[in-house]
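A short worksheet on the structure shown next.
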Ligand SMILES: *[C@@H]1O[C@H](CO)[C@@H](O)[C@H](O)[C@H]1NC(C)=O
Ligand SMILES: *[C@@H]1O[C@H](CO)[C@@H](O)[C@H](O)[C@H]1NC(C)=O
Ligand SMILES: *[C@@H]1O[C@H](CO)[C@@H](O)[C@H](O)[C@H]1NC(C)=O
Ligand SMILES: *[C@@H]1O[C@H](CO)[C@@H](O)[C@H](O)[C@H]1NC(C)=O
Ligand SMILES: CC(=O)N[C@H]1CO[C@H](CO)[C@@H](O)[C@@H]1O
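Numbering (mature numbering (1 follows the signal peptide of the UniProt record, and there is no 0)), first residue to last: -19 to -1, 1 to 544.
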């Protein structure tokens, strides 16, 4: 892994230059599935993002703790974007130094955001390489999609080092759109068994989670969103057809109210359709937005682009669901820390961010002879709610749920375990002690995930006008949970209560109340002699496979409606 960075850099560069690297632990290797398309032309335009050092990050974290803790007098006292801006915006000195640095390289074409902590600037490749010594821009292509990235780490001048967190647009690559229908070909057993099973539809989900026909949104200004970063777009026609086929038993909307960003061209994507079709099935009759930005620019990091928008829009949907993740070990600490601060900025505004926990169980990182599990970010962030996956015990019926073996889960190696989950996780480590994987595979001092779960197996989706079965993954369970939280927000808004915001502190205080506990099954991990493909196993109460389990909607509503 990442040999260039971890091993050669300290040998090649003096410690003086070393200090100029903002992201010394960022993986800069380009994965094999990208084809090298040669050096960029020096006159080609790049668009880079500068994350300026913020103020008051510690205060931001304390405020998030207070506004999300139901036992605090400040619960639900959310900040406006203006208030967040005055709290975190970079110091005058930081702004001056960074602007001066950019200007001295002739870079004047920059956009900022409301919070003034990001700058997005256009420049030629020649200027970028001078500005960021070490960087070396090349074009890479995969499946007809082209990106520009640096093949080597960048540094910044010592004068600006302390004023920046990272520069975006050099290293991180867009995720590979997981072919969700293909994912089910790994399930041959299940598929043949399930030949007579009807599969998961909105009606099945609503039955399992006890949503009645009356459980739909009615509040005026409630809304929810899905954010998508793949080279995919959702199709309005597919959504309308899906709702026509599967939405007969409940009041719902059949259109997305707002698309933020640019919709791609070509065929609709399964994942894009899945998110929208299912958040609008549980979060029925609630205004839904789609944030989408398929590769508007070759040097863009789509996920970062969405973070940008959150800092620039004063009026946001209350619930966002996102199916996106990278291996923690492929990302620089500086980047993850800053993205975490961005999550806090959303949380203090009352926005709930739900991330899919991933589809590789505990994951596996091969380090020579030793293996370890491989946590995924942002699933491992302490400031988001992470959603795992389950299957029906009996695939032919609406029964209780068991672990979906793909359900992502485990312990962060980067983020410390937050207080809100310490006793729950400790309880698990004690109860499950006899069946835990070897200690060397995971880090019990880290943030443990997921936080809760929902069905993630055997969904029906309408894609390019055709109903498609067997669609699976935590990108299905995440919008399902998101829609239910939106329904609860709806009831809270109707009663004049603040929305739920960052849910975890409150969720963990319920101690599993109002949830269907998932206690059977293990998820997958390394295929080696020691663990033989087995990661963690579900257990009574919280576990790092399905979290607290799946929502029993009427009970969860009652529990979360109390002020
Ligand atoms: C943020 O919004 C303002 C207007 O509200 C706009 O001028 C600016 O360009 C936006 N920033 C980005 C990065 O899009
Ligand atoms: C909800 O669903 C479960 C299982 O499907 C059922 O046992 C329970 O009675 C239902 N109703 C409520 C209000 O929990
Ligand atoms: C759907 O939502 C709207 C408000 O957006 C509300 O006026 C209407 O009554 C809702 N429909 C149902 C069946 O509750
Ligand atoms: C374990 O996690 C902690 C943060 O909780 C981190 O500081 C430490 O470096 C991690 N250990 C390993 C071996 O990754
Ligand atoms: C987030 C959201 O849906 N906000 C809407 C609230 O209502 C105003 C006025 O109707 C809209 O402009 C917002 O978009």
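Every residue gets a Cβ at the ideal spot worked out from N, C-alpha and C, and that includes glycine. All of these numbers come straight from a predicted model, not from anything done at the bench.
Query, Result
"What does a CB cutoff of less than 6 Å around residue 595 pick up in its chain, not counting 5 residues either side in sequence?", "With the chain covering -19 to 544 only, the question about residue 595 has no answer from this structure."
"So, are the CB atoms of residue 39 and residue 203 less than 8 Å apart?", "no"
"Should residue 346 and residue 310 be called a contact, given that it needs their Cβ atoms to be closer than 8 Å?", "yes"
"Using a threshold of 7 Å, is the CB atom of residue 533 nearer than that to any non-hydrogen atom of ligand 2?", "yes"
"Of the choices 388, 285, 91, 295, whose alpha-carbon is the least far from that of residue 103?", "91"
"Is there at least one non-hydrogen atom of ligand 2 closer than 7 Å to the beta-carbon of residue 293?", "no"
"Indicate whether residue 42 and residue 101 have their beta-carbon atoms separated by less than 8 Å.", "no"
"Determine whether the Cβ of residue 439 lies closer than 8 Å to any Cβ atom of chain B.", "The structure shown contains no chain B; it holds only a single protein chain."
"Roughly how many angstroms lie between the CA atoms of residue 241 and residue 298, to the nearest whole one?", "12 Å"
"Quick one: does the C-beta of residue 101 sit closer than 7 Å to a heavy atom of ligand 1?", "yes"
"In this structure, what does DSSP give as the bridge partners for residue 448?", "443"
"My assumption, with CB atoms under 8 Å, is that residue 34 sits in contact with residue 144. Please give the rounded CB distance.", "5 Å"
"Just curious, the alpha helix (DSSP H) that residue 322 is in, first and last residue?", "314 to 328"
"For the structure I just gave you, are there three or more beta carbon pairs, one from the stretch 280 to 293 and one from the stretch 246 to 256, closer than 8 Å?", "no"
"Does ligand 2 have even one heavy atom less than 7 Å from the beta-carbon of residue 375?", "no"
"Ends of the alpha helix (DSSP H) at residue 412?", "400 to 412"
"What are the boundary residues of the alpha helix (DSSP H) that includes residue 260?", "251 to 263"
"Spell out a yes or no on whether the stretch 452 to 468 and the stretch 494 to 504 are touching, meaning 3 or more CB-CB pairs, one atom from each, closer than 8 Å.", "no"
"From which residue to which residue does the alpha helix (DSSP H) around residue 76 run?", "73 to 85"
"Between which two residues does the alpha helix (DSSP H) carrying residue 355 extend?", "Run containing residue 355: none; DSSP gives neither H nor E here."
"For residue 131 and residue 189, what's the separation of their Cα atoms in angstroms?", "48 Å"
"Going by beta-carbon coordinates alone, are residue 371 and residue 430 separated by less than 8 Å?", "no"
"Taking the alpha-carbon of residue 95 as reference, which of 438, 538, 70 has the nearest alpha-carbon?", "70"
"Please enumerate, following chain order, all residues with a beta carbon closer than 5 Å to at least one heavy atom belonging to ligand 4.", "394, 397, 424, 426, 427"
"Measuring only from the beta carbon, is residue 266 closer than 7 Å to any heavy atom that is part of ligand 3?", "yes"
"Suppose you measure from the CA of residue 526 to the CA of residue 344; what does that come to, to the nearest Å?", "12 Å"
"Assign residue 542 to buried or exposed, taking buried as 16 or more other Cβ atoms, counted over all protein chains shown, within 10 Å of its Cβ.", "exposed"
"Our contact map puts residue 422 next to residue 354 with C-beta atoms below 8 Å; I'd like the distance itself, whole angstroms only.", "5 Å"
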